[in-house]
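Reading through the structure tokens given below for one structure.
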Amino acid sequence: MENLIALLIGAPLLGAAVLLLGGRRLDKAGHWIGTLLAAVSFVIGLALFADMLGRSADDRALYQRLYTWIPVEGFQADIAFQLDQLSMTFVLLISGVGTLIHVYSIGYMEHDERRRRFFGYLNLFVAAMLLLVLADNYLLLYFGWEGVGLASYLLIGFWQHKPSAATAAKKAFLVNRVGDMGLSIAIMIMFTTFGTFAFGPVLGATGETSEGKLTAIGLMLLLAACGKSAQVPLQSWLGDAMEGPTPVSALIHAATMVTAGVYLIVRSADIFNAAPDAQLVVVVVGAVTLLFGAIVGCAKDDIKKALAGSTMSQIGYMILAAGLGPIGYVFAIMHLVTHGFFKAGLFLGAGSVMHGMNDEVDMRKYGGLRKYMPVTFVTFGLGYLAIIGFPGLSGFFSKDKIIEAAFAKGGTEGWILGSVTLLGAAITAYYMTRVMLMTFFGEKRWQPDAEGHEPHPHESPRSMTLPMILLAFGSVFAGGLFSIGDRFVKWLEPVTSFEHGHPPISAGAITSATVAVMVVGVGIAYLQYGRRPVPVVAPRGSLLTRAARRDLLQDDFNHAVFVRGGTHLTRSLVYVDHTLVDGVVNGTAASVGGLSGRLRKLQNGYARSYAVSMFGGTAVLIAATLLMRAV
Amino acid sequence: MSANLAAETLAAYTTSSGEAFQFWVLGTVAVAGALCTILMRKAVYSALCLAGTMIILAVFYLANGAYFLGAVQIVVYTGAIMMLFLFVVMLVGVTAADSLKETIRGQRWWAVVCGLGFGILLTAGIGNASLTEFAGLGAANSAHGGNVEGLAALIFTKYVFAFEITGALLITAAVGAMVLTHRERTERAATQRELSEQRVREGKHLPPLPAPGVYARHNAVDIAGLLPDGSPSELTVMQTLRKRGQIRDVSDEALADLKALEQRSEERLGRDRDEEEANR
Amino acid sequence: MNPVNYLYLSALLFTIGAAGVLIRRNAIVVFMCVELMLNACNLAFVTFSRMHGNLDGQIIAFFTMVVAAAEVVVGLAIIVSVFRARHSASVDDASLMKL
Amino acid sequence: MSFPLLTVTAAVPAVGAILTAAVPAARRTAAKWLALLVSLATLVLAAVVFVRFEPGGERYQLTESHSWIKDFGVRYELGVDGIGVALIALTALLIPFIVLAGWHDADPLETSSKRWRPTQGFFALILMVEAMVILSFEATDVFLFYILFEAMLIPMYFLIGGFGDRAHSGSDENAAAQRSYAAVKFLLYNLVGGLIMLAAVIGLYVVAGNFSLTEIAEARANGSLEMATSTERWLFLGFFFAFAVKAPLWPLHTWLPNAMGEATAPVAVLITAVVDKVGTFAMLRFCLGLFPEASKWATPAIVVLALISIVYGALLAVGQRDIKRLVAYASISHFGFIVLGIFAMTTQGQSGATLYMVNHGISTAALMLVAGFLISRRGSRLIADYGGVQKVAPVLAGTFLIGGLATLSLPGLAPFVSEFLVLVGTYARYPVAGVIATTGIVLAALYTLVLYQRTMTGPVKEEVRELPDLRVRELAVVVPLIALLIFLGVFPKPLTDVVNPAVQHTMSDVQQKDPQPEVEAAK
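Each protein sequence line maps, in turn, to chains A, B, C and D.
Quick note: the first sequence, position 372, residue 367 per this note's numbering, numbers continuous.
Every number in this note's numbering is 2 more than the matching position in the second sequence, counting from 1.
Every number in this note's numbering is 58 more than the matching position in the third sequence, counting from 1.
Every number in this note's numbering is 335 more than the matching position in the fourth sequence, counting from 1.
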């Protein structure tokens, strides 16, 4: 059975290779090949899942070792896979949601002449992401980690002819690279500390080294997670990444890749458990991001950017949960899965709306779309209810558990974290309602574009709606399915360890509070956007709104400090290289030239004066010989 | 024969007081000759002084037991090479005297410094080497029956390659000298007519050049003729002498002579006149 | 008398010759001075030959003479042709080598 | 006596060079094919060397030894260790591609005379460089190595100065002046380095009495050859300076951007991917092999220089406006990594550095040659003159991107393996240096992606609208290189197998052991 693991990755990888190398002759069949191979991966995943369920909880992990990747004395990096419950969860999420989005893309990208290539990139992404979650050591994980970064780069910049897309792609890759730096430093520390970087030996030996080392590893891993999962302070790329085609935003920048950071932290649970300081930082980052993303989400008029803010915020929840330790890991993953469903659904819905609206993304130019796109409206609506935590839907279960766990952290910390998560829930409800109202309710506000084409909103083709419907099912039922009888907890417990948190107030009270703040959030949004018509041109807004529209000035800060500073630095270095480093050399050359110009005058052309110097030289030689002999 | 052998042995092993006397006398002359070589203004004197020095060196070779070399020195150096020098001196101008005035700045000063330094250093070097004992040439000379035989044995065995190569070198040198000095006439020599036509074309010196010493008392070819204004014209002297700078600069002399002549004729004429007047 | 005196004489003659090369402008005289230097060397060789009881020194002197002969032949030929071309035997006139 | 395989491997391109040069002026195409054939034959021979070399066997294999200059103990002594084998393979591998890529670079202009033969000269010089580089990887006699080290400057000088990039921004005279400036700068820098090395070579002879690397190293190891500390240091510095110029290490690097910018792309590849490797190779073999104590003494300073090279090169690459100069500065950054790996004196670092030499050769060749194809199409080296090429020439853009990704060490492509090994190896001994070097990977991403973005993406510029995509000849150059990058990226074992024993030998030369992992050390 374990020999199938490589096939999980192999199938989409084959797809990517065939599609990217196949050339134009595959243009007609390319999308089918891509979808088929993603589906093959999903089917293998299901088979492995079934097999895994058949074994006892402690004996579920499968290992497959292919060969030694980098054989160097004292440094054995293997191409080896590990499929345990945690990886399994991700495999199903990635290949499942991935397949659905492949299907969706068939319709969405129908008119793009480079569709074959798009599917090639998507397959490449699925392969890399599976490699990331299946790796049995950190170096191979790093391979997948950069692989998804590459796929993300290629897909964000898929419409390369748009400078904004190309810039966004570059920005995403660069910010991610900063995170990758963290991961590679973490691996280096591991190597010098443990002599290896395979999961088993490293995580098993955490007790044998100092807490300081572990804290350092933990912080570096967190830096990596921040990059990949768009957490503060490396969150700035996610909003821009919405330049990519919408299926990409759904798959990579909502459901799977951005959650890799959560995976990394949960996978390294043993390290964080032994390094409370690192854990604290994780929690703080999560909490800050959760508010940061939520606030940004409130201000954006671009539907995808609003959703991106929401993604950031939801991943903040997950990171926060992961930072809480054994009381939170499981719920982080659970929220990750449910979020995968409903956020992918929301993005696909947004894509469907854009598809019908001539790629218009400004929500202020939507309005009243529920009549034109009923399927989209319903599926989007279900996703909306799930994300705001409407009781009974997926998001309710997973988010509620995280809020409980936050309170259960205990002490002042617990109260602060609990309140933050509650506040986050309220804001989530607010901005999601805002999106919902601006898009599907109210009057129609669209206008002819510059070329006079009036949009004709229409429902999307079957290939697009089908995945949305399936994801909506997931959004509705996944949470309940997981929570009933603590199934998800039992499933993951052998891998991540689990402790029941004991919040200072009863679970019931917390749940009620959650529902209450959700209602408040929805209410405010309704008052602002449901009762009053939405202006087509955005009002100036308060200082906070304006800041939030600009991603809370984070980009401006980056621009001022890193981009401008970097530009100045490189320019001045170019100058320095030219004038100083090269100048020293050229100066030497010039002074030698000057000296020889002066010496040249000794060359007067008179043979006799040359003879004098020859004679003098001979005399000096004799003197030297005599001196040497005398000495 | 036995006396000869004895002399050889003597030359080989010891230095007699006769040799010492010879050394000091002839050595002094040799140095004087060398100094004259470099100090004489005329090349031909230099050559002669050098020949003298070389002959003295030949004597020293003999004294040092190098009989063959002594002979060769006289025959080849003094005989052949110095004669060659003299020939060239003749070609270039036997009486031309060089100016000994230095034209390159600092040259003479540096030459003296270097020369002195070099000489002192060499002397010091020789003095430094412990050369108080010497082997003498008796054994070496008698090994093959004599100095010439000994040299021959070496030349045709150990140094045979070098010897052959020097042979090649000599031939090359001879050919080279011919190539350098021989000028192949690549065109027909111009006739007198053509030369005169060329002069007409170039518009200079249409008439024949003035003859030298037109107004001079004697027809020496190296004296420039005087122009009507009394200044000498170099054109009147033949080209070769001009190039060698061997024009006798006689202008002042000639003018003085002329003046003297006039005075004398004046005196004589005056005296004659006086006599005539007296006679009248 | 010690034959080493011949060496001193040789050194003296050599130095005089060298000084002559440096001081004189007439190419022919310069050449003569070169010959003087060569002769001085020959004297040294002959003296060394006597001191070491070895004929090799004389052989070298002999070769020097041969080479000197060859050198004089070519050198004088050059002087003659230079004189023909430039009407001067001064070494200072041939100073085109300067920059 | 066994078959002199090493000599033959170097002799084939040398003879080929002479034959190529002798091809009549009218038969240019014949000269090209001849050069290609010779380079392929060399590749076959190099492959034989690679196969015949037994990783587990003697340190130096396939040795040959003949007396050369008896009086100075100079011998014609050849032998290869794993590092040499890997680099010979790299050289032999790259030359056919360089020849193929430069197929039309030296075609005479139509106006030039019939008897002019630049094409023959161009290919002959390339083969000559190949012969010398291969021989220098084989030489185990210091003097022989020195001669080759210097001699390869001569053909390189003519290649840079004589066959410049026809794409330039200024007038023809200006370009010619720039080119000759670059060639002279290249020559002077390297000559100065070589001169100092010559002094050290002589010094070594005075101290050791012969030039044989193996004998000296052995004598040093068993204590029969004592060197005063200061002597050893001076000699080390003499050697190191020459190699640092060639490598090139900051601040001796400024010749490289000029040379690479002005030379044609294939020649630029020849410079950075082949010839410069002699410098880093020699650091491993001669600096560490002959002067282990001095190497350890100088390590901190060299590590700092390497770090500066890494960061400085990358930052300057970001600031470049000329595509080829950008690649040149990127190479400086990469050479920093190689030097860092060598002087980290850990197994991982040195294995990584050796792999890095090979991988950097392949990746830079891929990137630079594609850049050369691009430049030859548009006739400009300026980044600003391009834009949107991806739309009109997708294959070109794709291969360019892969070359760029290799340059930024993306996992899955060969350079990642080596870069990571260098980083890990460095961190194990110098944590701070390891962390600083890691910033290099961010900067590498920056300059690569900025280059790609500005040239390949965005709206299509008017001037590039008619750009043709890669032709068959160009694909034949690029595709094998990329395939190799991917293959060595996921399966570097064939290389590491050869390199590992050699690295172990070097480690024992300098008498260094890897730092023990903390956990194991505790046990």
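Backbone N, C-alpha and C define an ideal beta-carbon position, used for all residues, glycine too.
Please read these numbers as outputs of a predicted model, since none were measured by experiment.
Check	Outcome
So residue 614 of chain A contacts chain B; which residues on that side make the cut at Cβ distance below 7 Å?	116, 119, 120 and 123
Nearest to residue 506 of chain A by alpha carbon, out of A:178, A:391, A:272 and A:73?	A:391
Below 8 Å on C-beta distance, what does residue 161 of chain A contact in chain D?	788, 792 and 793
From the DSSP output, which residues share a beta bridge with residue 357 of chain A?	A:297
Which residues, in chain order, does the segment 69 to 101 of chain C contribute to contact with chain A at a C-beta distance below 7 Å?	76, 79 and 80
Please decide whether residue 154 of chain C counts as near chain B, where near means a Cβ-Cβ distance under 8 Å.	no
Between the Cα of residue 74 of chain C and those of A:487, A:166 and A:610, spot the shortest distance and give me the residue it belongs to.	A:610
8 Å is my cut-off, CB to CB: does residue 797 of chain D come that close to chain A?	no
How would you list, in chain order, the residues of chain B whose beta-carbon sits under 9 Å from the beta-carbon of residue 124 of chain C?	78, 165, 168, 169, 171 and 172
Across which residues does DSSP place residue 401 of chain D in a beta bridge pair?	D:411
For the structure I just gave you, are there three or more beta carbon pairs, one from the segment 532 to 546 of chain D and one from the segment 402 to 412 of chain D, closer than 8 Å?	yes
Rounded to whole angstroms, what's the CA-CA distance from residue 336 of chain A to residue 247 of chain A? Just pull it up for me.	13 Å
Under three-state DSSP, which class holds residue 36 of chain A?	helix
Just how far apart, CA to CA, sit residue 164 of chain A and residue 421 of chain A?	32 Å
In this structure, what does DSSP give as the bridge partners for residue 71 of chain A?	A:66
Less than 8 Å between the beta carbons of residue 351 of chain A and residue 378 of chain A, yes or no?	no
Applying a beta-carbon distance threshold of less than 7 Å, which residues of chain C neighbour residue 2 of chain B?	Residue 2 of chain B is absent from the structure shown; chain B starts at 3 and stops at 282.
Curious, which full-length alpha helix (DSSP H) runs of at least 4 residues does the segment 336 to 410 of chain D contain?	340 to 357 and 363 to 387
DSSP three-state call for residue 200 of chain A: helix, strand or coil?	coil
Does DSSP put residue 722 of chain D in a helix, in a strand, or in coil?	coil
Sorted by chain position, which residues of the same chain lie with C-beta nearer than 6 Å to residue 679 of chain D's C-beta, five sequence neighbours on each side aside?	760, 761 and 764
Taking any Cβ of chain A, which residues in the segment 682 to 706 of chain D have a Cβ under 7 Å from it, in chain order?	682, 683 and 686
Which residues of the segment 102 to 114 of chain C have a Cβ closer than 8 Å to any Cβ of chain B? Give them in chain order.	104, 105, 107, 108, 109, 110, 111, 112, 113 and 114
Please report how far the alpha carbon of residue 738 of chain D lies from the alpha carbon of residue 745 of chain D, in whole angstroms.	10 Å
Three or more beta-carbon pairs under 8 Å between the segment 606 to 614 of chain D and the segment 637 to 646 of chain D, yes or no?	no
Figure out for me which residue from A:190, A:134, A:278 and A:219 has the closest Cα to the Cα of residue 174 of chain A.	A:219
Taking 8 Å as the CB-CB cut-off, is residue 149 of chain C touching chain A?	yes
Does residue 217 of chain B have its Cβ less than 8 Å from a Cβ in chain C?	Caution applies to residue 217 of chain B, whose pLDDT of 49 falls short of 50 and renders its modelled position unreliable; the value that the coordinates give is listed next. Chain C, which has no Cβ nearer than 8 Å to the Cβ of residue 217 of chain B, makes this no.
By the DSSP assignment, the alpha helix (DSSP H) with residue 51 of chain B in it spans what residues?	45 to 65
Does residue 600 of chain A come within less than 8 Å of chain C when only Cβ atoms are used?	yes
State yes or no: is the beta carbon of residue 505 of chain D nearer than 8 Å to at least one beta carbon in chain A?	Caution is warranted here: a pLDDT of 49 is assigned to residue 505 of chain D, below 50, making its placement in the model unreliable, and no coordinate value can be reported.
Of the choices B:197, B:185, B:163 and B:42, whose alpha-carbon is the least far from that of residue 102 of chain B?	B:42
Indicate the three-state DSSP secondary structure (helix, strand or coil) for residue 60 of chain A in the structure shown.	strand
Hey, how far is the Cα of residue 592 of chain D from the Cα of residue 819 of chain D?	26 Å
Who are the neighbours of residue 568 of chain A on chain D, taking C-beta pairs under 8 Å?	647, 650, 651 and 654
Quick check on residue 603 of chain A - is its C-beta less than 8 Å from some C-beta in chain C?	yes
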